[in-house]
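These notes concern the structure reproduced below.
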Amino acid sequence: MPWRKTKDPYAIWVSEIMLQQTQVDTVIPYFNRWMHTFPTIKKLAQAKDEKVLKMWEGLGYYSRARNLQKAAQMVAKEHGGKLPKDSAQLSSLPGIGPYSLGAISSIAFELPIAAVDGNVLRVVSRLFEIHKNIKDKKTVDEVREIVTALFSDKDRGDMTQAWMELGATVCLPTNPKCLICPLQKLCAAKKKNLTDKLPIVSKRPKTKKVVTAAIILKRENTFLLEKRPLGKIMGGLWLFPTVELPGPVNKHKQEISALFEKEFGIKVKPANQLLTLSHSYTVHRAQLNVFLAQGTTPKKLHPDLNWINESRLKETPFPAVHAKIIDQILN
DNA sequence: GAACCGTGGTA
DNA sequence: TTACCAAGGTT
């Protein structure tokens with residue numbers, strides 16, 4: 011992992027934010043490109059927000075990118091561009107919660123502050139046989155105290171990474187590799203054959219199914235795109251104008267035109283279906299259907315809509331699915 | 001406490 | 001296809 015080859019607190023910070031709910035293999039190319047594009051906190055602070063989002067394109071949870079830049083601007087202004095070691099100051103930065111505070115503090119500054127992520131929760135709940143819901147904030151606090159108490163006088167960063175790596179490579183959610191686990195003889199769950207029962211995780215709510223339709227409207231060398239308002243879903247990113255359907259696209263095909271007129275004031279006739287994609291994200295399971303539009307330009311353009319020249323698409327940030335559509339159009 | 005916020009991989 | 005998971009944070 012490239013962020014292990016540096017002691018630059020900024021690089022470690024970036025890696026920890028990217029790694030939130032995101033796997034290592036996914037993060038590596040993004041991290042390398044990011045550090046090349048924004049090598050310092052000051053560069054990130056001064057960058058255009060659209061370029062920041064473009065570098066994050068496809069990683070998901072885009073508020074992480076927006077918060078990272080906002081925090082960089084705060085650090086540039088209030089701390090001379092140097093990430094503060096003080097816990098209260100670190101925690102006050104947007105995007106740095108309890109986990110990231112511990113990870114940055116221990117790995118970048120060698121401070122004995124624990125980083126409790128999903129891996130650590132799993133390892134510790136098995137090791138000490140904690141029969142409590144690990145999604146519960148009180149349980150997380152309890153685990154954090156345990157891990158904090160186990161810090162040695164040195165190598166705090168290595169210890170943090172060891173806890174997480176043990177969970178990621180050995181103490182797996184299903185079929186843990188207890189036979190090669192260095193804590194095998196100490197593990198309460200292993201001793202009592204409870205590794206299948208621990209940790210206890212509450213079920214999360216069922217994912218909703220959301221069906222949307224997007225329209226590709228092209229005029230000469232420009233595409234009609236919707237810029238998502240900041241603060242709303244996909245804030246700051248650009249999409250093909252998209253509407254939500256009340257149900258499966260096959261049953262609601264006729265309503266699409268009216269929905270686009272109502273939402274954006276554009277009259278379009280979704281004629282032949284160009285392509286259909288589907289993608290999923292945490293709460294929704296969205297099925298995106300993209301249509302080739304025949305239609306007229308609206309007289310008065312919706313405030314979120316803009317005609318974007320083809321040549322600018324490579325600088326325009328899209329969510330992953332729309333980025334793939336752009337890819338198909340350009341190639 | 002619960003809902004929300006993306007994406008890709010896997011069983 | 002569905003469900004769940006992965007180095008979480010904010011509202």
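Sequential numbering of the first sequence, starting at 11, is according to this note's numbering.
Virtual Cβ for every residue (Gly too), placed ideally from N, Cα, C.
Check: Mapping DSSP to helix, strand and coil, what is Leu121?
Finding: coil
Item checked: Residue of Gln31, Asn77, Met28, Met45 minimising C-alpha distance to Gly241 -> Asn77
Checklist line | beta strand (DSSP E) runs wholly inside the region 253-326, at least 3 long, in chain order | finding: 278-290, 294-305, 315-319
Notebook entry, point to check: How about Leu137 and Leu234: do their beta carbons lie closer than 9 Å?
Noted result: no
Item checked: Residue from Val126, Leu54, Tyr109 with nearest C-alpha to Asp156 -> Reading the sequence as shown, one finds Ile at residue 156 and not Asp. Checking every option, the nearest Cα to that of Ile156 belongs to Val126.
Check: What is the C-beta distance between Leu249 and Ala224, in whole angstroms, given that I count them as a contact (C-beta under 8 Å)?
Finding: 7 Å
Notebook entry, point to check: Can you give the Cα-Cα distance for Asn203 and Leu323, rounded to whole angstroms?
Noted result: 55 Å
Note to self: Based on DSSP bridge pairs, tell me the residues matched to Arg229.
What the structure shows: Thr232
Margin query: Can you give me the C-alpha to C-alpha distance between Val153 and Phe48, rounded to a whole angstrom?
Written below: 35 Å
Note to self: Please state whether the Cβ-Cβ distance between Lys87 and Ala55 is less than 9 Å.
What the structure shows: yes
Next item on the list: Rounded to whole angstroms, what's the CA-CA distance from Met28 to Leu69? Just pull it up for me.
Entry: 8 Å
Check: Taking Cβ positions, are Ala296 and Val220 nearer each other than 9 Å?
Finding: yes
Check: Excluding sequence positions up to five away, which residues of its chain have a Cβ less than 6 Å from the Cβ of Pro104?
Finding: Asn77, Lys80, Ala81
Item checked: According to DSSP, residues forming a beta bridge with Val221 -> Leu255, Gln297
Next item on the list: Measure the Cβ-Cβ separation of Ser9 and Lys95 and say whether it is below 9 Å.
Entry: Given that the chain is displayed from residue 11 to residue 341, the structure contains no residue 9 and the question cannot be resolved.
Next item on the list: Note the first and the last residue of the continuous alpha helix (DSSP H) segment covering Thr179.
Entry: 166-179
Notebook entry, point to check: Quick one: what's got a C-beta closer than 7 Å to Tyr347's C-beta in the same chain, skipping five residues either side?
Noted result: The structure shown does not extend to residue 347, since the chain is modelled only from 11 through 341, so no value can be given for it.
Notebook entry, point to check: Where does the unbroken alpha helix (DSSP H) through Met45 begin, and where does it stop?
Noted result: 34-47
Notebook entry, point to check: So, are the CB atoms of Ile266 and Leu227 less than 9 Å apart?
Noted result: no
Next item on the list: For Lys237, write down the residues that DSSP places opposite it in a beta bridge.
Entry: Trp248
Check: So, is Ile190 buried or exposed, given that buried needs 16 or more other C-beta atoms within 10 angstroms?
Finding: exposed
Item checked: Those residues which DSSP pairs with Ile210 across a bridge -> Asn143
Margin query: Considering just the uninterrupted stretch of the alpha helix (DSSP H) at Gln194, what are its terminal residues?
Written below: Counting along the chain, Gln194 falls outside any alpha helix (DSSP H), and DSSP gives it neither H nor E.
Next item on the list: Rounded to whole angstroms, what's the CA-CA distance from Ile140 to Lys200? Just pull it up for me.
Entry: 13 Å
Checklist line | Arg132 classed as buried or exposed, judged by whether at least 16 other C-beta atoms fall within 10 angstroms | finding: buried
Item checked: Whole-angstrom distance between Asn185 and Leu193, CA atom to CA atom -> 16 Å
Check: Taking Cβ positions, are Leu298 and Thr222 nearer each other than 9 Å?
Finding: yes
Next item on the list: On a CA-only basis, which of Gly257, Thr326, Lys15, Asn143 is nearest Thr232? Give me that one, please.
Entry: Thr326
Item checked: Residue environment, Ala113, which counts as buried when at least 16 other CB atoms sit within 10 Å -> buried
Checklist line | Environment of Gly167 [buried if 16+ CB atoms lie within 10 Å] | finding: buried
Check: What is the DSSP secondary structure of Asp127, reduced to helix, strand or coil?
Finding: coil
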